[in-house]
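For reference, the structure is listed below as structure tokens.
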Amino acid sequence: MTITPLPPAGANTALPINRIDGEAITASRNDFTAFLENSIDQVNQAMTRGDRSIEMLHSGQAQSLHEVMIAVEEADISLRMFVQIRNKALQAYEEIMRMQI
Amino acid sequence: MDIFTTFAISSSALKAQKIRLDTVSSNLANAETTSTPEGGPYKKKSVYFQSTPTSFDKHLDSALRGSAQGVAVTKIIEDPDPPRKVYNPSHPDAAEDGYVDMPNVDVLKEMVDMMSATRSYQANVTTIQSAKRMAQKALEIGR
Numbered sequence: 862m863t864i865t866p867l868p869p870a871g872a873n874t875a876l877p878i879n880r881i882d883g884e885a886i887t888a889s890r891n892d893f894t895a896f897l898e899n900s901i902d903q904v905n906q907a908m909t910r911g912d913r914s915i916e917m918l919h920s921g922q923a924q925s926l927h928e929v930m931i932a933v934e935e936a937d938i939s940l941r942m943f944v945q946i947r948n949k950a951l952q953a954y955e956e957i958m959r960m961q962i
Numbered sequence: 016m017d018i019f020t021t022f023a024i025s026s027s028a029l030k031a032q033k034i035r036l037d038t039v040s041s042n043l044a045n046a047e048t049t050s051t052p053e054g055g056p057y058k059k060k061s062v063y064f065q066s067t068p069t070s071f072d073k074h075l076d077s078a079l080r081g082s083a084q085g086v087a088v089t090k091i092i093e094d095p096d097p098p099r100k101v102y103n104p105s106h107p108d109a110a111e112d113g114y115v116d117m118p119n120v121d122v123l124k125e126m127v128d129m130m131s132a133t134r135s136y137q138a139n140v141t142t143i144q145s146a147k148r149m150a151q152k153a154l155e156i157g158r
């Protein structure tokens, strides 16, 4: 059994994680930021879709009422999920800030 | 996102049932129509449902896993039943023998079809609400 040596303190690189098939993944710091940006973008798109379908309903271009309602519901659920992610991230941050040094 | 697949499928069903209700309303509106642009009395219309994948990636997914499919009205068919003959010699569309060709629409059957379409629509709305509640419950895990 081999022991992976820890990188020196202050080094910016994360520990390589070995996948089952042996291929090493290095989790970079940008992964979470990219995920966050991507999900913000998706939520924003869902909300824009909802807004646009309401606009189309009011201007009489909407194909059907249920499609408008479904677009709005999708936006609602996406936003709720994003708020939950934000809550979790904030919770983790506060937990770290409360840590005694 | 995957949680919205139910929405897409139920949405297609809602659209299909809406078209079905449209044809029922057309049949009821024209239950007494003896003259049409094509000539002859109005013919009863009915919808033809066909299951469809909701989009290409869903198509690929269903091909790989045999999973859920939406529904669509692919064509609207005319009932081949002969028109009803009603004796009314004073009618402008009456034939030589005094009989008028009335549409082959059975109002009672149309009412039943309408109720069926309404119930089906409600069932699909309930499916959407169910999917929504499931998603909201899943979000409560993080609370």
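Protein sequences appear in the order of chains G and L.
Each residue of the first sequence is one higher than the last, beginning at 862 in the working numbering.
Each residue of the second sequence is one higher than the last, beginning at 16 in the working numbering.
From the three backbone atoms N, C-alpha and C, an ideal C-beta is built for every residue, glycine too.
**Asked** What residues in its chain sit with their C-beta under 6 Å from that of LEU918 of chain G, if we drop five residues either side in the sequence?
**Response** VAL929
**Item:** Three-way DSSP call (helix, strand, coil) for THR51 of chain L in this model
**Value:** coil
**Asked** How about ALA132 of chain L and ILE938 of chain G: do their beta carbons lie closer than 8 Å?
**Response** no
**Prompt:** Quick one: is SER914 of chain G near chain C, going by C-beta distance under 8 Å?
**Reply:** Here the protein chains are G and L, and chain C is not one of them.
**Request:** Please work out which residues of its chain come closer than 6 Å, Cβ to Cβ, to ILE92 of chain L, disregarding the five sequence neighbours upstream and downstream, and give them in chain order.
**Result:** SER61 and TYR63
**Message:** If the cut-off is 8 Å on Cβ atoms, which residues from the region 137-156 of chain L count as contacting chain G, listed in chain order?
**Reply:** VAL140, ILE143, LYS147, ALA150, GLN151 and LEU154
**Asked** Looking at C-alpha atoms only, which residue of L:PRO118, L:THR141, L:SER27 and L:PRO97 is the closest neighbour of SER41 of chain L?
**Response** L:PRO118
**Prompt:** Going along the chain, which residues of its own chain have a beta-carbon closer than 7 Å to the beta-carbon of THR51 of chain L, five neighbours each way excluded?
**Reply:** If we look at THR51 of chain L and ignore the five residues flanking it on each side, its Cβ neighbours are TYR57.
**Pair within 8 Å by beta-carbon distance, SER26 of chain L and VAL86 of chain L** = no
**Prompt:** Is the Cβ-Cβ distance between LEU36 of chain L and ASN139 of chain L less than 8 Å?
**Reply:** no
**Item:** Exposure label - ALA872 of chain G; buried when at least 16 CB within 10 Å
**Value:** Only weak support is given to the placement of ALA872 of chain G: the predicted model assigns it a pLDDT of 49, under 50, and the question is left unresolved by the model.
**Message:** Rounded to the nearest angstrom, what separates LYS33 of chain L and TYR136 of chain L at their Cα positions?
**Reply:** 8 Å
**Message:** Using C-beta distances below 7 Å, list every residue in its chain close to VAL115 of chain L, excluding the 5 sequence neighbours before and after it, in chain order.
**Reply:** THR49, VAL101, ASN103, HIS106, ASP108 and ALA109
**Item:** Spatial neighbours of ALA146 of chain L in its chain, beta-carbon cut-off 6 Å, leaving aside the 5 residues before and after
**Value:** THR21
**Request:** Show which residues of chain L have a CB atom less than 8 Å away from the CB atom of GLU934 of chain G.
**Result:** By Cβ distance, chain L contributes PHE22, ILE143 and LYS147.
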